[in-house]
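J.: Residues -16 to -1, 1 to 210 in mature numbering (1 follows the signal peptide of the UniProt record, and there is no 0) are what the sequence shown lists, from first letter to last.
Shown below is the structure under consideration.
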Amino acid sequence: MKILLLSGLLSFSVTAAGINTSAIVPGGGDWRKPVISLKEQKFIGVVRQQTDFSCGAAALATILKYSYHINTNEQWVMDGMLAMSDPTMVARYGFSMLDMKGYVEMIGMEAKGYSVDIDALYFLVVPVVVLLNINGFHHFVVLKKVDEKGRAYIADPALGNKMIDMDEFEQAWNNIILAVVGRGYDKNSILSNPRGPLTARGSSRRFVPVSDAALMEFGFSHKDLL
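Put into structure tokens, the structure is as follows:
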């Protein structure tokens, strides 16, 4: 984008906090537009993992924070799971879905594990934690949605938001999903409505909101949806 600067008339300053436009917009006052780096954009709606073995804690924290708006982070979830686990085993193998289930139940919610085939993922109604085997390395991520073109929308605690083809996903996946069920689920959250690539018209694909009936079939109760 080209910006024409009129020397002596306009003052344009960019800071780490944002862009100061008070000198450009007459009567506009001093307002700032936040500047977000490309790296930060990749992690919008994703809790980033800080250690090699904490992808499970970060994936679970991602769902709790963005689907349920619970004030949490990776460290809090990790501390909670460590309190119920063998730290030596965790340091060696990382957390398991059983550790996640125990933590979710400890905070008064439910964790439901399902063994499903690949076709069932096209009908997911909530984001779920999945375990992928990537070149021999086991890694927990959040599967947000699968679209009609066979693209899996992933919230990866290590790499951020990404999409992968379902053929690639199927090769790495163990057919297990872990869903968090409880009160306060946001059907319109950033995880439930992931943004895809821009279309020719400049807008990204939007998913149809999930109905209460679909959530109840998945394991939610009337009380959860109040």
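Just so it is clear, CB atoms sit at the ideal spot from N, CA and C, and this is done for glycine as well.
Pull up the DSSP beta-bridge partners for residue 157, would you.
T.: 116
J.: May I ask which residues mark the beginning and end of the beta strand (DSSP E) holding residue 125?
T.: 121 to 130
J.: Quick check: the Cα distance between residue 149 and residue 91, rounded to an integer number of angstroms?
T.: Distance between the alpha carbons of residue 149 and residue 91: 35 Å.
J.: List the residues that DSSP assigns as beta-bridge partners of residue 170.
T.: Paired residue(s): none; residue 170 is not in a bridge.
J.: Would residue 126 be called buried (16 or more neighbouring beta carbons within 10 Å of its own) or exposed?
T.: buried
J.: If you draw a straight line from the alpha carbon of residue 159 to that of residue 144, how long is it in whole angstroms?
T.: If I take the Cα positions, the gap works out to 22 Å.
J.: With residue 83 as the anchor, note down where its alpha helix (DSSP H) starts and where it stops.
T.: 81 to 90
J.: DSSP three-state call for residue 67: helix, strand or coil?
T.: coil
J.: Give the range of the alpha helix (DSSP H) segment to which residue 142 is assigned.
T.: Neither: residue 142 is in no alpha helix (DSSP H) and is coded neither H nor E.
J.: Taking all protein chains shown into account, do 16 or more other C-beta atoms lie within 10 angstroms of the C-beta of residue 46, making it buried, or fewer, making it exposed?
T.: buried
J.: Note down, in chain order, each residue of its chain lying with its Cβ closer than 7 Å to the Cβ of residue 62, except the 5 sequence neighbours on either side.
T.: 38 and 41
J.: Under the assumption that residue 50 contacts residue 174 (Cβ atoms under 8 Å), give the Cβ distance between them as a whole number of angstroms.
T.: 6 Å
J.: What separation, rounded to the nearest whole angstrom, lies between the Cα atoms of residue 129 and residue 73?
T.: 32 Å
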